[in-house]
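Take a look at the structure below.
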Amino acid sequence: MEVPSLAFAVWMFICFYASVDGYPSGKVREACTSMIPCHGSSPQLSPEHTITVNATEFKPGDNIEVHLFGPDFEGFLLQARDAERLDSPAVGSFMLVDRRLSQLLTCGHTKNSAVSHTSKTKKKHIKVYWIAPGDAPKRVQFLATVVKKYKTFWVKIPGPIISQPNVPSPTTLLHVTSEAVSASHPVSYLSKPFNASGCGSTKFCIRNPSNCDPEGASCFFLSFHKEKSSVFIEMSGPSEGYLAFALSHDQWMGGDDAYLCINEDHRVHVSTAYLKGRSPPVLDSENALEDVSWRLVDGVLQCSFRRSIRLPAYKGRFNLDASYYIFLADGEASEGGRIYKHRRQPLITNGIYNVTGLPRDIGGSRSPQLIKAHGALMFVAWITTVSIGVIVARFFKPVWSHSFLFGKEMWFQVHRMLMLTTVTLTSISFVLPFIYRGGWSQQAGFHPYLGCTVMALTIFQPLMAGFRPSRHAPRRQLFNWFHWSTGTTARILAVEVIEDDRVQILQSLTSAEAEGRLFKQIVLTIYVCGNAVFLIVFLAAINQI
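Here our numbering = 1-based position in the sequence shown + 32.
Next comes the structure, spelled out in structure tokens:
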């Protein structure tokens, strides 16, 4: 185990060192695809720098003069890409003019396909030559990332589009290119976090924890603001993988209208999807969202977009003027944008809501009411009633040996009452998950099997007690052993022996005070009161989940 731990520590140190010191040498091959520096902050809006070329047409083998200039900057990354597929790899190669200011990089499989800085020395102007390859696309666009200071940079500043001879006029293409650039261009970055202003008055908000501040680092936030025939949506939360919300007709995953913000190589991709059963969502090829913006800072992912209230042309998009349950989930994503199953239960609203209707400011629950009731009843049964019942039977026989209740010794009656209460609470709790799931759950792991075992032991224990031999019968010792082992096994399975330490402490005290009956009664009173206070606090916490 020491070698993997050491390797992990070294990997974390390298990542931390790289993210803190950046790449002053310009060796930024890690950013070849995204062109985003790993500087822990979002890119700036409205670029200050410009890219120019000396030609509008090119043929394979031509040298195109390229200039990048503007206010003082420390670093840069310059590439040429297929103008129709700006997410494709860099094309062509570059030739340097001043090796003191710039250097060549190999991005992907193309040698010298990018240019970057050589040091943090301030510069105003970079001149290079781009060499058109033999397999060049019909149109090429130049893109540049410019770093003014460590926290101040612009990503994929769009440059001129040049084309090969006899290529049709790019009027239509320019419009498409403009939209493509806007999805990854600095104008799509949010400059500040969301806030809760207007929640409940002008916009519909969901927050977890309730009433949390979306400007904080631990707040999951989703808001809907109706604007005539469209809705502006904001979503944020602590996640470095993905955030997603879905509109659903019920509280089950499947047949839902989903919206995902996915961190893909330090860029956030916003998309829609239709959920089928419990299968991973398949992202839609056509996106009906407008005004997409995003921000990823200090582990908090934020995205916003606008969509029309009705989208009849897009299959799977629900009308926003109807009522739905709302899901909010988060999870991990790979560098390629592949999302993984969320590790915890999604946040689900307790009822159906119309996000374009009356503005509300609500919370939600990551555990349905029936499941919370299941947990609360099991907790009362196996932390409170069982614990007190065991203590009474084990330590209070001599204390209450001459006290009777309904014709039986008091300790026995109290013990039996508490154990029958445990059986009742466990039986009710056992049924609730089956009611919620509508049967057996295949995704719950070993928990249902463990629960069935506990339930069986819980029923078997009082049945066995009904056949208890008399105190001096030959088989009384055998009964005592079975009664103790069955009860202990049930407690171990239910609460993983969390009461053992308490019993040991109490036993050490009672042995020191062997005849102190008043002391034992005081200890029992303190234990019961403390247990009750703890139970109330814990149940209140369950209600907040």
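For every residue, glycine included, the Cβ atom is placed at its ideal position computed from N, Cα and C.
Quick check on V446: buried or exposed, where buried means 16 or more other Cβ atoms within 10 Å of its Cβ? For the purposes of this step, residue 446 is taken as the residue at position 414 of the sequence shown. Looking at its Cβ environment, which holds 16 or more other Cβ atoms inside 10 Å, V446 is buried.
From A472 to L409, what distance separates their C-alpha atoms? Sequence index remark: in the sequence shown, residue 472 carries index 440 (1-based). Sequence index remark: in the sequence shown, residue 409 carries index 377 (1-based). Sequence inspection shows Trp at residue 472; the Ala mentioned does not correspond to that position. Between W472 and L409, the C-alpha separation is close to 20 Å.
May I ask you to list the residues that DSSP assigns as paired with E97? Walking along the sequence shown from the start, residue 97 turns up at place 65. According to DSSP, which records beta bridges pairwise, E97 is partnered with Y161.
Tell me which residues share the same chain as Y468 and place their Cβ nearer than 7 Å to its Cβ, disregarding the 5 neighbours each side in the sequence. Locating residue 468 in the sequence shown gives position 436, where the first residue counts as 1. Here the set comprises P400, L402 and I403.
Can you give the beta carbon distance from E97 to P197, rounded, assuming they're within the 8 Å contact cut? Locating residue 97 in the sequence shown gives position 65, counting from the first residue. Locating residue 197 in the sequence shown gives position 165, counting from the first residue. So it is not a contact: roughly 18 Å between Cβ atoms.
Start and end of the beta strand (DSSP E) containing A361? Start at 1 with the first residue of the sequence shown, and residue 361 comes out as number 329. Taken as a continuous stretch (DSSP letters only), the beta strand (DSSP E) holding A361 covers Y357 to G363.
Just curious, the alpha helix (DSSP H) that M449 is in, first and last residue? Here residue 449 corresponds to residue number 417 of the sequence shown, with the count starting at 1. M449 -> alpha helix (DSSP H) spans M442 to R469.
Reduced DSSP category for T388 - H, G, I as helix; E, B as strand; rest coil: As a first step, residue 388 is located in the sequence shown; it is residue number 356 there, counting from the start. In this structure, T388 counts as coil in the three-state DSSP scheme.
Own chain partners of L133 with C-beta closer than 8 Å, once the 5 adjacent residues on each side are dropped: In the sequence shown, residue 133 corresponds to position 101, counting from 1. H149, T150, T153, K155 and I158, listed in sequence order.
Looking at the ligand GTP, does it come within less than 8 Å of Q493, judged from the CB to the closest heavy atom? For the structure depicted, the ligand GTP is absent and the ligand set is empty, with no information on it obtainable.
Own chain partners of S355 with C-beta closer than 7 Å, once the 5 adjacent residues on each side are dropped: If you number the sequence shown from 1, residue 355 lands on position 323. So the qualifying residues of the chain are I384, Y385 and N386.
Am I right that A228 and P246 are in contact with their C-beta atoms under 8 Å? What's the rounded C-beta distance? For the purposes of this step, residue 228 is taken as residue 196 along the sequence shown, with counting starting at 1. For the purposes of this step, residue 246 is taken as residue 214 along the sequence shown, with counting starting at 1. Sure, about 6 Å apart at Cβ, within 8 Å.
Once the 5 residues before and after V314 are set aside, which same chain residues still bring their CB inside 7 Å of it? Mapped onto the sequence shown, residue 314 falls at position 282. Closer than 7 Å at the Cβ level, and outside the excluded window around V314, lie A305.
Alpha carbon to alpha carbon, how far is A522 from I423? Give it in angstroms, no decimals. Within the sequence shown, residue 423 is the residue found at index 391, counting from 1. Within the sequence shown, residue 522 is the residue found at index 490, counting from 1. Those two C-alpha atoms are separated by around 16 Å.
Where does the unbroken beta strand (DSSP E) through R299 begin, and where does it stop? Here the question's residue 299 lines up with position 267 in the sequence shown. Looking at the DSSP string, the run of the beta strand (DSSP E) that includes R299 is R299 to L307.
Starting from the Cα of E296, find the closest Cα among S311, E272 and Y357 and give me that residue. Mapped onto the sequence shown, residue 296 falls at position 264. Nearest option by C-alpha distance: E272.
With a CB to CB cut of under 6 Å and the five nearest residues on each side skipped, what residues in its chain are close to L279? In the sequence shown, counting from the first residue as 1, residue 279 sits at position 247. Closer than 6 Å at Cβ, skipping near neighbours: D289, F350 and Y356.
Proximal residues to F226 (C-beta, below 8 Å), its chain only, five neighbours per side dropped: To locate residue 226, count along the sequence shown from 1; it is residue 194. Same-chain partners within the cutoff: P246, E247, F253, S255, E266, S268, Q334 and S336.
Under a three-way DSSP split, which group does Q401 fall into? For the purposes of this step, residue 401 is taken as the residue at position 369 of the sequence shown. Of the three classes helix, strand and coil, the one that applies to Q401 here is helix, per DSSP.
Contact between the region 159-170 and the region 115-124 (3+ Cβ pairs under 8 Å): yes
With three or more beta-carbon pairs closer than 8 Å as the criterion, would you say the region 508-517 touches the region 459-466? no
Output the distance between the C-alpha atoms of V302 and V418, rounded to the nearest integer angstrom. Walking along the sequence shown from the start, residue 302 turns up at place 270. Walking along the sequence shown from the start, residue 418 turns up at place 386. V302 and V418: Cα-Cα distance of roughly 51 Å.
Bridge partners of W414, per DSSP? In the sequence shown, residue 414 corresponds to position 382, counting from 1. None; W414 has no bridge partner.
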